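J.: Quick one: the structure is below, questions incoming.
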Amino acid sequence: MTLARVLDFRQDEHGDWLAVLSCGHTQHLRHQPPWQNRAWVLDATQRNAQRGKPFRCGWCETEHDANEASTERSQDDLNKER
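Written out as C-alpha cells, the structure reads:
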C-alpha cells in the first residue's frame, strides 16, 4: 500500500486539528490521552515537523479494502459461471 504524505494542517469548526494529505483526504489528529496520545499536534513547531512525512490514510485503506472485496466477489461470480 502506498502511503500518503502530510501536506498541511488545519483546524475544524471545533478547533480539532486535521492533517491535509497528498491523497486528497483529511484525517483528524486529536490529543486525547489515554486513547490518542498526540501531544505534538498541539505545538505548531512539532506539527510543522510532520509535514512531508508518510501517513497511513484510513480513508484510502477503506477504499482499497472495498475495491479488493468487490474484485474478489466478481472473481467468485466468474468462477461459478464456469
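Under my numbering, the letters of the sequence shown match residues 32 to 113, in that order. Glycine included, each C-beta is placed from N, C-alpha and C at the ideal position. Bear in mind the structure is a predicted one, so any value in this text is a computation, not a measurement.
(1) Could you tell me if residue 60 is buried or exposed, where buried requires 16 or more neighbouring beta carbons within 10 angstroms of its beta carbon?
(2) Out of 47, 54 and 90, point me to the one whose CA is closest to residue 37's CA.
(3) To the nearest whole angstrom, what separates the beta carbons of residue 71 and residue 78, a pair I think is in contact under 8 Å?
(4) According to the Cβ coordinates, are residue 56 and residue 88 closer than 8 Å?
(5) Quick check on residue 80: buried or exposed, where buried means 16 or more other Cβ atoms within 10 Å of its Cβ?
(6) Cβ atoms of residue 52 and residue 75: under 8 Å apart, would you say?
T.: The structure says:
(1) One-based indexing of the sequence shown puts residue 60 at position 29. Around the beta carbon of residue 60, a 10 Å sphere encloses 16 or more other beta carbons of the protein chains shown; the residue is thus reported as buried.
(2) Locating residue 37 in the sequence shown gives position 6, counting from the first residue. Selected option, being the one with the closest Cα: 54.
(3) Position 40 of the sequence shown holds residue 71. Position 47 of the sequence shown holds residue 78. Confirmed, Cβ separation roughly 7 Å.
(4) Taking the first residue of the sequence shown as position 1, residue 56 is located at position 25. Taking the first residue of the sequence shown as position 1, residue 88 is located at position 57. In this structure, residue 88 lies closer than 8 Å to residue 56 by Cβ.
(5) Here residue 80 corresponds to residue number 49 of the sequence shown, with the count starting at 1. Exposed, by the Cβ-count rule.
(6) In the sequence shown, residue 75 corresponds to position 44, counting from 1. In the sequence shown, residue 52 corresponds to position 21, counting from 1. No, the pair does not count as a contact, with Cβ atoms beyond the cut-off.
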